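Residue numbers (the numbering used here), protein chains in the order written: chain A, 1 to 150; chain B, 1 to 417.
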Amino acid sequence: MDDLRELYQEVILDHNRHPRNFSAMEGASAKAEGYNPLCGDQLTLYLKSEGDQIKDLSFQGSGCAISKASASLMTEALKGKSKQEALELFKKFHHMVTGSVGEEPDPSLGKLAVFAGVCEYPARVKCASLAWHTLKNALEGKGEVAKTEG
Amino acid sequence: MKSKQNLQLVRPALDIEAIRQDFPVLHQAIRGKPLVYLDNAASTQKPRAVIQAVKDFYEKDYSNIHRGVHTLSERATIAYESARNEVAHFLNAKSEKEIVFVRGATEAINLVSQSWGKKFLKAGDEVLISHMEHHANIVPWQLLREQIGIELKVIPITDQGELDLEAFEKLLSKKTKLLSLVHISNTLGTINPVKDCIKKAHALGIPVLIDGAQAVAHQSVDVQDLDADFYVFSSHKVFSPSGVGVLYAKEAILDSMPPYQGGGDMILTVSFEKTTYNEIPHKFEAGTPNIEGVIGLGHGIQYLKHLGLDKIKAYEEELLSKATLALKEIEGLQIIGEAKNKVSVISFVLKDIHPHDIGTLLDNEGVAVRTGHHCTMPLMKRLGLPATARASFAFYNTVEEIDALLRALEKAKKVFG
C-alpha cells in the first residue's frame, strides 16, 4: 500500500473528495477549457485578474482524482500571484511530474509537492498537468472560447 | 465414479497451465506483483508459435512476395498465400480470393467506405450503424458523409446494452443502403444477433458489413452461415501480430469494387496512358504488405484451431460468469452492460472512484485493465459515463486471476476510503 500512498497522498484524496474553489465564477476576466481525450477529464477554469495579478481562480469539471486535486490545489496556490509567477510555477510543476524518481521538488512548489509521485506513472502526467495547461491558455487569452457557453 | 471419468474423457477441458506456458509475456512481475493481464479486448498476447513463425521467417525465408523468381521469394509468397488460405478456412469463406489483407479492422472499414461506398452510394442514401459502435465503424462513414452526402442512422440500444431490435426494424427502409454493425461490443461485451439482423437487412436487399474485431477471438465465425457481405477483423486481437487486418467480402462484391489504393502488386500492366488492375484480392493490396505479420496471423489461427474455439468459448463463459458474480459482490461496483449474450468483457464503475484512478491502483497490484471510453464515445454518452474500467479475459486467464482482480479492487476502495 505504501507505494500507492506515494501517488494517492492524503492531500490529493482530500482535494478529490472536497475540491476547493469548485464553482463557476461571476465576472471572470478569463476562462478556458481543458480536455484530456485519453481520460475524458474535462475542466473549465475561471480567472479574475487585476493588471498583472491573479486575484481569484475557480474551476468546474469532471475527472480522475489526480486531475481534480491538481486543479483544486492549483487554484489555491495561485491566488495573489502574478502571471509571470504562475507560469514559473507551472514550469517547476511540470518538471516535477515529468522528472526522475527521488528528485526533491523545488521548495517554492509548497503543497503542490504532493504530486511528486506522478513521475512514476507517465500515463498520469497529463492528468496532473491538465489544469496547468488550461491556466496557460487562460493567461495567454486563448481560453475565451464561446464553445464553453451553455 | 466410472461414468464421471468417462464424462471427462468426452469433454477434455483446456489445460490452462500448459497454455500459459505458450505465452512468454505472461510470466513477469509488474511493480513487484505477478502480471494479471486483463486487457485482452484492447489487444491479445502472442503465443510462442506466432513469435517463432515470425522469427523463422526473418531468419530463413525472408524476401518480398509476388515478385522474384528466386527461391526465397517463392518461399515467402507461399507462406503469405498459405496464411490467406488459413484465414479463408477460419472464416469459412468460399475462396481465398475473398480475403484481403489490410492494416487492421479500421483500414478494412475505410476500404469498404472509400471503394464500395463511393461507387455504390449517393447523397441521401443511408448507412445504418448502432449506438455501440467502435469509432472505427463511425468515423469512416462520417468521412464518406462529408465527401458524398450520405446519411448516418443509428440503431439505439437498451439500458442492458443490447440492440433495440424493434427500433432496428423500423430504421430499415428503402433509403438504407448498408447496415454496418459490430458483432461483439468491445465496451459492453454484448454479442449482437448479427445473423438475424443480416437476414432482415437482406430481405430488403440491403448489404451488411460486420465488424468482427472483438468477435473472432471468442467464438468461431462462419461468414457463409451468417451470409455477411463484408466481415472485418484485426490480427492483433487474435493472438497474432499487430499491423494486419482482414477484409472478407463476397467475391462478386469485391469484383465490382474499384481499387482502394494504387501502387505495385495491385496492377497487371502500367503505362502512362492506361493501367490494368490485378485480380482480387491482389487488386486491393497495393505495395509490399506486412508479410511477416500475415504469416504470423496464419500461425495464430492455427494455434487457436489447435486449442479449439468451442473449448475456448466454454472456458471463457465460465470465467465470465465467475467474474460477474464475484464483481457484483463488491459493494459499490456496478457492471456496465448486462446483455443476455455476452463474451468475457466486463466494463464496470466503482463508487465514485474515477476509472483512471482504478486503472493506476490496479496496475500497482500487477493487474492490467483498460480504462477510458474504449473508443466508443457516443456509447459512453448514451450510458451517461465519462469512462469505465474494463476487465477483459482470454483463455489464458485463470480463476486465480479473478481473485487477484477482486483483491486489487478492494485495495483501491481502501485507498479511496
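Using N, Cα and C, we set each Cβ at its ideal position, and we do this for glycine too.
All figures in this text were calculated on a predicted structure; none of them were measured in a lab.
- Interface residue (Cβ-Cβ distance to chain A less than 9 angstroms): B:Gly372 is classified as such.
- Around the C-beta of B:Ala339, 16 or more other C-beta atoms lie within 10 Å, and the residue is accordingly described as buried.
- Bridge partners of B:Gly104 according to DSSP: none are assigned.
- Between B:Gly417 and chain A, the shortest Cβ-Cβ separation is below 9 angstroms.
- Cβ atoms of B:Arg31 and B:Asn364 come within 8 angstroms of each other, at about 5 angstroms.
- In this structure, A:Leu45 lies near A:Ser58, with their beta-carbon atoms less than 9 angstroms apart.
- Under the 9 angstroms criterion on CB atoms, B:Ile155 is classed as non-interfacial with respect to chain A.
- B:Ile253 is positioned such that its CB atom lies closer than 9 angstroms to that of B:Pro207.
- Chain-order list of chain B residues neighbouring A:Arg20: empty, with the shortest C-beta distance near 18 angstroms, by a criterion of under 7 angstroms.
- Rounded to whole angstroms, the Cβ separation of A:Ala69 and A:Asn16 is 5 angstroms, and the two are in contact under 8 angstroms.
- Note that the segment 185-196 of chain B touches the segment 336-353 of chain B; at least 3 beta-carbon pairs, one per stretch, sit closer than 8 angstroms.
- When DSSP reads this structure, A:Ser49 sits in a beta bridge with A:Ile54.
- Ranked by Cα distance from B:Glu251, the first of B:Glu86, B:Ala213, B:Ser73 and B:Tyr231 is B:Tyr231.
- Classified as buried, B:Gln214 has 16 or more neighbouring CB atoms from the shown chains inside 10 Å of its CB.
- If you ignore the 5 residues before and after A:Ser82, its C-beta comes within less than 8 angstroms of the C-beta of Asp52, Gln53 and Ile54, all in its own chain and listed in chain order.
- If you check each beta-carbon in the segment 348-382 of chain B against every beta-carbon of chain A, the ones closer than 7 angstroms belong to His354, His356, Asp357, Thr360, Leu361, Asn364, Gly372 and His373.
- Near chain B, meaning a CB-to-CB distance below 9 angstroms, the residues of the segment 61-77 of chain A are Ser62, Gly63, Cys64, Ala65, Ile66, Ser67 and Lys68.
- Between A:Gly102 and chain B, the shortest Cβ-Cβ separation is not below 9 angstroms.
- The beta carbon of B:Phe284 is closer than 6 angstroms to those of Val100 and Tyr260 in its chain, skipping five residues each way along the sequence.
- A contact is defined here as three or more CB-CB pairs under 8 angstroms, and the segment 319-328 of chain B fails this definition with respect to the segment 362-377 of chain B.
- Assignment of B:Lys313 by DSSP, reduced to helix, strand and coil, places it in the helix class.
- By DSSP's assignment, B:Ile191 forms a beta bridge with B:Ile184.
- Following the DSSP letters along the chain, one finds A:Ala113 in no alpha helix (DSSP H), marked with neither H nor E.
- By the neighbour-count criterion, in which a residue is buried when 16 or more other Cβ atoms sit within 10 angstroms of its Cβ, B:His236 is buried.
- Within chain B, the C-beta atoms nearer than 7 angstroms to that of A:Tyr121 come from Thr360, in chain order.
- Assignment of alpha helix (DSSP H) within the segment 123-186 of chain B, counting only whole runs of 4 or more residues, yields 139-148 and 165-171 in chain order.
- Distances from the alpha-carbon of B:Tyr58 to those of B:Asn290, B:Gly332, B:Leu319 and B:Ala391 put B:Asn290 closest.
- For the segment 360-397 of chain B, the continuous alpha helix (DSSP H) assignments of 4+ residues that do not extend past its boundaries occur at 377-383, in sequence order.
- By alpha-carbon distance to B:Arg145, the top candidate from B:Lys122, B:Ile301 and B:Tyr248 is B:Lys122.
- In the three-state scheme derived from DSSP, where H, G and I count as helix and E and B as strand, A:Gly61 is classed as strand.
- Contacts with chain A (Cβ-Cβ distance below 8 angstroms) from the segment 386-411 of chain B involve Pro386, Ala387 and Lys411, listed in chain order.
- Taking A:Gly102 as reference, the option from A:Cys119, A:Leu139 and A:Met74 with the minimal CA-CA separation is A:Cys119.
- Closest in alpha carbon position to A:Thr134, among A:Lys126, A:Gly34, A:Leu73 and A:Ser23, is A:Gly34.
- With fewer than 16 other Cβ atoms inside 10 Å of its own Cβ, B:Glu273 counts as exposed.
- The criterion of a C-beta distance shorter than 9 angstroms is not satisfied by B:Glu126 and B:Ala249.
- Within the same chain, and ignoring the five residues on either side of B:Ala412 in sequence, the residues whose Cβ sits closer than 6 angstroms to its Cβ are Ile358 and Leu361.
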